[in-house]
Ligand SMILES: Nc1ncnc2c1ncn2[C@@H]1O[C@H](COP(=O)(O)OS(=O)(=O)O)[C@@H](OP(=O)(O)O)[C@H]1O
Ligand SMILES: [Mg+2]
Ligand SMILES: [Mg+2]
Ligand SMILES: [Mg+2]
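Numbering (the working numbering), first residue to last: 52 to 402.
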C-alpha cells in the first residue's frame, strides 16, 4: 500500500521544481544581467505570474477538481497594454512546462516536449488560484515567489505549495533555489526542496540531483540558538525580537532572510527560533505565506503557534484572520520562547 498523499507529494515536488527552474532562469536572464533599471519590479512580476501558471497547470491536470488559493491573479494581465508581459509569460511558462521529463515527473501530468499551452490556457491557470479557502474540503495554497524582495536582491526566496484538507495542512513543499544545500558550506551547492507530509516526517531534496536527506531540528544548547527573522522591518517587529532574544539569553545575532526559507532553516537546525510579530496589527497574514512552513516545522520536531500559544488556523479563508504573531521552535524550546514573548508583550503594554 502506498503512503497517504504520496501522489500529491510527487506532483507538488515536480511542480515546485519546474517553478524553481523558471524563477532561476528569470533571475539569470533579467536581474543578474542588469538589463533593467534599478527599482524595476518587472522581473519579479513576470516570474510570479509564470510560476503560478506552471504550478497551477500541473495541479489542474493531476487533480482537476482541487481548488487553489494562489497569491496572484490574471486580472492585470488581461488588460490592454499588457501584451509584452503576456508574451513573456507564455514564453517562460511554456519553456518550463515543455522541459524534458525529470526525476519523478510523469508524462500524464501534461509535461515534456510538445506540451505548450495557449495564452488563454495559461491565464485561466493563473486564475485557478482564486479559491477563497475555508474550513471544509481539500485545496492547495500557492505562493509562486515568496520573498519577492529577496528574489530581486539575489537573496533567499521560495516557491511554496501546500495541500490543506479541512483546514489542516497535510503536505507542504518549499523550493529554495538560492539556499545552500549544506549550511556549513555557504558557498557550496545551492538549491533545495523541502517537503513534509503530516505524520510522515520531513525531508530535503537537492534541486539538481534529487538527493534526499531527512530533516529534523537538532537539540541546540541555548547559547547556540538564534532568531530567524524578516529582512523587511515593515513585515515584522525586529526590535521586539531583540527584547525576546535578551530575555532568552541569546547571544548570537539574528539571521535575517526573506521568505519561508526561514522555516526551512529552522527545520534543519540553522537557527533555533522563528519569531514574527506584527508591525501593523491590522495586517492579516496570508495562508500561502505560512502553510508549507508550518507543517515542515511540525514534522521536523517543532511547534508553531501564534503569540498566545494557539495553533495557526488555515481553515478561515485566504488569511490567518486575527492571528497575532507567529512563534516556532523545537518542541523543548517553544514554551520558553512563548513565555519570553509574553513577558516582552507585557513590558511593552506597561510602557
Ligand atoms: N505588512 C506586512 N506584514 C507582514 N507580512 C507582510 C506585510 N506585507 C507583506 N507581507 C508578506 O511578507 C511576505 C514575505 O515575508 P518575509 O518574512 O519573507 O518578509 S521579508 O521578505 O523578509 O520582508 C510577503 O510575501 P511575498 O509577497 O510572497 O513576497 C508578503 O506576503
Ligand atoms: Mg509570500
Ligand atoms: Mg509571493
Ligand atoms: Mg506578494
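Just so it is clear, CB atoms sit at the ideal spot from N, CA and C, and this is done for glycine as well.
On the DSSP bridge list, what partners appear for residue 197? As a first step, residue 197 must be located in the chain shown, where it is residue number 146. Answer by DSSP bridge pairing, in chain order: 209.
Based on DSSP bridge pairs, tell me the residues matched to residue 185. The residue labelled residue 185 in the question sits at position 134 within the chain shown. None; residue 185 has no bridge partner.
Using a Cβ-Cβ cutoff of less than 7 Å, which residues in the same chain neighbour residue 114 once the five nearest sequence positions on both sides are dropped? Within the chain shown, numbered from 1, the residue matching residue 114 stands at position 63. For residue 114, where only same-chain residues beyond five positions count, there are no Cβ hits under 7 Å.
Whose beta carbon lies closer than 5 Å to any heavy atom of ligand 2, going through the chain in order? 194, 197, 340
Quick one: any contact between the stretch 192 to 199 and the stretch 115 to 124, if contact means 3 or more CB pairs under 8 Å? yes
Assuming contact is defined by CB atoms lying nearer than 8 Å, are residue 348 and residue 338 in contact in what I supplied? Along the chain shown, read from residue 1 onward, the residue named residue 348 stands at position 297. Along the chain shown, read from residue 1 onward, the residue named residue 338 stands at position 287. Not closer than 8 Å, so no.
How many whole angstroms separate the CB atoms of residue 213 and residue 177, which I take to be in contact at a CB cut-off of 8 Å? One-based indexing of the chain shown puts residue 213 at position 162. One-based indexing of the chain shown puts residue 177 at position 126. 18 Å between Cβ atoms; not a contact.
3 or more residues per run - each beta strand (DSSP E) lying fully within the stretch 327 to 391: 353 to 356, 377 to 381
Given residue 103 as reference, the closest of 145, 317, 335 once Cα atoms are compared: As a working mapping, residue 103 is identified with position 52 in the chain shown. Residue 145 is the option with its Cα nearest to residue 103.
Please find out if some non-hydrogen atom of ligand 1 comes closer than 7 Å to the beta-carbon of residue 361. Translated into the one-based positions of the chain shown, residue 361 becomes position 310. Flag unset: Cβ of residue 361 not near ligand 1.
Residues near residue 100 in its chain [Cβ-Cβ closer than 7 Å; skip 5 each side]: Counting from one through the chain shown, the residue named residue 100 turns up at place 49. Same-chain partners within the cutoff: 123, 128, 140, 177.
Run through DSSP, which three-state label would residue 407 get? Outside the modelled stretch of the chain, which goes from 52 to 402, sits residue 407, for which no answer is possible.
Hey, could you find the ends of the alpha helix (DSSP H) residue 293 is sitting in? Within the chain shown, numbered from 1, the residue matching residue 293 stands at position 242. Start and end: 289 to 299.
Using a 10 Å radius around the Cβ and a threshold of 16 neighbouring Cβ atoms, would you call residue 381 buried or exposed? Position 330 of the chain shown holds residue 381. The residue is buried, with at least 16 neighbouring Cβ atoms inside 10 Å.
When DSSP builds the beta bridges, which residues end up paired with residue 226? Indexing the chain shown from 1 puts residue 226 at position 175. 210, 244, per the DSSP bridge assignment.
Just to check, is the beta-carbon of residue 257 closer than 7 Å to a non-hydrogen atom of ligand 6? Ligand 6 is not part of this structure, which contains only ligand 1, ligand 2, ligand 3 and ligand 4.
Can you tell me whether residue 285 is buried or exposed, with buried defined as 16 or more other CB within 10 angstroms of its CB? Counted from its first residue, the chain shown places residue 285 at position 234. Residue 285 should be labelled exposed.
Quick check on residue 408: does DSSP put it in helix, strand or coil? Lying before the first or after the last residue shown, residue 408 is absent from the chain, which here runs from 52 to 402.
Can residue 96 and residue 228 be called in contact, C-beta distance under 8 Å? Taking the first residue of the chain shown as position 1, residue 96 is located at position 45. Taking the first residue of the chain shown as position 1, residue 228 is located at position 177. No, the Cβ-Cβ distance between residue 96 and residue 228 is not below 8 Å.
Pairwise C-alpha distance: residue 200 and residue 310: Your numbering for residue 310 matches position 259 in the chain shown. Your numbering for residue 200 matches position 149 in the chain shown. Between residue 310 and residue 200, the alpha-carbon positions lie close to 9 Å from each other.
Just list the residues that DSSP pairs residue 253 with in beta bridges. Here residue 253 is taken as the residue at index 202 of the chain shown, counted from 1. Answer is 247, 266, bridged to residue 253.
Cβ neighbour criterion (16 or more within 10 Å) applied to residue 254: Translated into the one-based positions of the chain shown, residue 254 becomes position 203. Answer is buried; the Cβ neighbour count reaches 16.
Got a sec, what are the start and stop residues for the beta strand (DSSP E) residue 154 sits in? Start at 1 with the first residue of the chain shown, and residue 154 comes out as number 103. For residue 154, there is no enclosing beta strand (DSSP E), as DSSP marks it with neither H nor E.
With contact counted as at least three CB pairs below 8 Å, one residue from each stretch, are the stretch 377 to 396 and the stretch 313 to 332 in contact? yes
Ligand 3 and residue 122: does any heavy atom of the ligand fall closer than 7 Å to the residue's C-beta? What you label residue 122 is simply residue 71 of the chain shown in a count that begins at 1. Indeed, a heavy atom of ligand 3 lies less than 7 Å from the Cβ.
Alpha-carbon spacing of residue 258 relative to residue 164, whole angstroms: The residue you call residue 258 lines up with position 207 of the chain shown. The residue you call residue 164 lines up with position 113 of the chain shown. Going by the C-alpha atoms only, they are around 20 Å apart.
Taking C-alpha atoms, which residue in 117, 133, 112, 242 lies nearest to residue 72? Locating residue 72 in the chain shown gives position 21, counting from the first residue. Residue 72 has its Cα closest to that of 242, out of 117, 133, 112, 242.
In angstroms, rounded to a whole number, what distance separates the CA positions of residue 374 and residue 266? In the chain shown, counting from the first residue as 1, residue 374 sits at position 323. In the chain shown, counting from the first residue as 1, residue 266 sits at position 215. Roughly 28 Å separates the two Cα atoms.
Quick one: give me the first and last residue of the beta strand (DSSP E) that residue 280 is part of. As a working note, residue 280 is residue 229 in the chain shown. Where residue 280 is concerned, the enclosing beta strand (DSSP E) stretches over 278 to 280.
Check residue 192 in the structure and name its three-state DSSP category. As a position in the chain shown, residue 192 is number 141, starting the count at 1. Residue state, collapsed to three classes: strand.
Proximity test, residue 370 beta-carbon vs ligand 4 heavy atom, cut-off 7 Å: Position 319 of the chain shown, counting from 1, holds the residue named residue 370. Residue 370 Cβ: outside cutoff for every heavy atom of ligand 4.
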